[in-house]
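As structure tokens, the structure follows; a few thoughts come after it.
Residue numbers (my numbering): 6 to 283.
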């Protein structure tokens, strides 16, 4: 193991070559069925291992993918679920307490500094460190991050919808719009518009017809310096909102521009396995 990083109280870790994982067929036990989830499984990358007095800190990651042309959240993956660590029997292991979690966050910041630029682009946003007890655990342990994949099939086309901002701001109830939108293969609907309590407008969408879970929104002629926010509910993924916030909210006759829909794809489980060296 490398000596501690300067200014970082947590120990530094050796960084294995990306992709260093136990290989199936070389004596590695089959993954217990209870761990498998989603439409398909992908391999988690083992980034680092640190030996502690009573535990190991084991860090996995998966290759992030981001589209810089998408004005809203351009990540290909959505992570509505927390990562989970399992023992060899498929039983979840307990999560660390708050104090340990704070240590891990500091350690992970130091770990990111050790990544090369290409590695940082792939793994800096997705790495997660698990605490693995040194005893009382059936090895190998399995890390799992379950997430949704999505695509952005239409980046240039847009739809424009006019509405009365004064009516929206004057009401405590959403203003019904019920406007169908078709952008390339993406079909969805703007259900309603309501005032945002933080100052601005919230646009309520129904993407069930085309599995749409996100889009970009802007008011033509009124750029926002505050940005906005959005929603994703894994229990109801196709009903979502996009908001635009302002310090001085525009009103009157306004034109909403809707573009860059995201279509929900497979539910993927990234899985990694690890055992201490004998």
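Built from N, CA and C at the ideal position, the CB exists for glycine as well.
**Report entry** Cβ shell of residue 275 (< 6 Å), same chain only, five flanking positions each side left out
**Finding:** If we look at residue 275 and ignore the five residues flanking it on each side, its Cβ neighbours are 47, 49, 67, 150.
Requested in this report: Could you say if the stretch 78-86 and the stretch 154-168 meet the contact criterion of at least three C-beta pairs nearer than 8 Å?
Outcome: The stretch 78-86, when compared against the stretch 154-168, does touch it at the 8 Å Cβ threshold.
Query raised in the report: When we look at the beta-carbon of residue 31 and count the other beta-carbons within 10 Å, is it buried (16 or more) or exposed?
Result: Only weak support exists for where residue 31 lies, its pLDDT of 46 falling under 50; the coordinates are left without a value.
Requested in this report: Kindly indicate which three-state DSSP category residue 35 falls into: helix, strand or coil?
Outcome: Under the three-state reduction of DSSP, residue 35 is assigned to coil, being neither helix nor strand.
Query - Minimum C-alpha distance to residue 107 - residue among 119, 268, 134 - result: Measuring from the Cα of residue 107, the nearest candidate turns out to be 134.
Query raised in the report: What separation, rounded to the nearest whole angstrom, lies between the Cα atoms of residue 26 and residue 279?
Result: In this predicted model, residue 26 has a pLDDT of only 43, less than 50, meaning its place in the structure is not dependable enough to derive any value.
Requested in this report: Put residue 175 into one of helix, strand or coil per three-state DSSP.
Outcome: Here residue 175 sits in helix by DSSP.
Query - Continuous beta strand (DSSP E) stretch holding residue 117: start and end - result: Note, residue 117: premise wrong, no beta strand (DSSP E); alpha helix (DSSP H) at 103-119.
Query raised in the report: Looking at C-alpha atoms only, which residue of 74, 91, 265, 272 is the closest neighbour of residue 191?
Result: Nearest C-alpha to residue 191: 265.
Query raised in the report: Can you name, in chain order, every residue of its own chain whose Cβ lies under 8 Å from the Cβ of residue 117, other than the five neighbours on each side?
Result: Around residue 117: 125, 129, 132.
**Report entry** Residue-level contact to chain B via CB, residue 100, 8 Å cutoff
**Finding:** Of the chains in the structure shown, none is chain B; there is only one protein chain.
**Report entry** For residue 161 and residue 77, the rounded distance between their alpha carbons
**Finding:** Distance between the alpha carbons of residue 77 and residue 161 is about 14 Å.
Query - residue 122 - containing alpha helix (DSSP H), residue span - result: In the DSSP assignment, residue 122 falls within the alpha helix (DSSP H) that extends over 122-128.
Report task. Using beta-carbon positions only, say whether residue 263 and residue 237 come within less than 8 Å of one another. Result -> Cβ atoms of residue 263 and residue 237: not closer than 8 Å.
Query raised in the report: Apart from the five residues just before and just after residue 243, which ones in its own chain have a Cβ nearer than 6 Å to its Cβ?
Result: Cβ neighbours of residue 243 beyond the five flanking positions: 212, 213.
Report task. Give me the Cα-Cα distance between residue 29 and residue 39, rounded to the nearest whole angstrom. Result -> Reliability of the predicted coordinates at residue 29 is poor, the pLDDT of 44 falling under 50, and no value is obtained from them.
Requested in this report: Leaving out five residues on either side along the sequence, give the residues of the same chain with a beta carbon under 8 Å from the beta carbon of residue 252.
Outcome: For residue 252, the CB contacts under 8 Å within the same chain, skipping 5 residues up- and downstream, are 204, 230, 231 in chain order.
Requested in this report: Please determine, among 165, 90, 188, 114, the residue with the shortest C-alpha to C-alpha distance to residue 277.
Outcome: Ranking 165, 90, 188, 114 by CA distance to the CA of residue 277 puts 90 first.
Query raised in the report: Can you tell which of 146, 187, 175, 127 has the C-alpha that lies nearest to the C-alpha of residue 166?
Result: Ranking 146, 187, 175, 127 by Cα distance to residue 166 puts 187 first.
Query raised in the report: Of the choices 240, 260, 42, 143, whose alpha-carbon is the least far from that of residue 85?
Result: The shortest Cα separation from residue 85 among 240, 260, 42, 143 belongs to 240.
**Report entry** Burial state of residue 3 (16 or more Cβ within 10 Å)
**Finding:** The requested residue 3 is not part of the displayed model; the chain covers only 6 to 283.
Query raised in the report: Alpha carbon to alpha carbon, how far is residue 221 from residue 195?
Result: Residue 221 and residue 195: Cα-Cα distance of roughly 12 Å.
Query raised in the report: Any heavy atom of the ligand NAP within a distance shorter than 7 Å of the CB on residue 115?
Result: By its list of ligands, the structure shown contains no ligand whatsoever, and the ligand NAP lies outside what it can speak to.
Query - Inter-residue spacing [alpha-carbon to alpha-carbon] between residue 121 and residue 139 - result: Distance between the alpha carbons of residue 121 and residue 139 is about 30 Å.
Query - Simplified DSSP state of residue 29, which is helix, strand or coil - result: Confidence at residue 29 is low in this model, with a pLDDT of 44, below 50, so the placement of that residue is unreliable and no value is reported for it.
Query raised in the report: Which residue comes first and which comes last in the beta strand (DSSP E) that contains residue 198?
Result: The continuous beta strand (DSSP E) containing residue 198 extends over residues 191-201.
Requested in this report: Check each candidate in 185, 271, 69 and name the one with the smallest Cα separation from residue 123.
Outcome: The shortest C-alpha to C-alpha distance from residue 123 to any of 185, 271, 69 is the one to 69.
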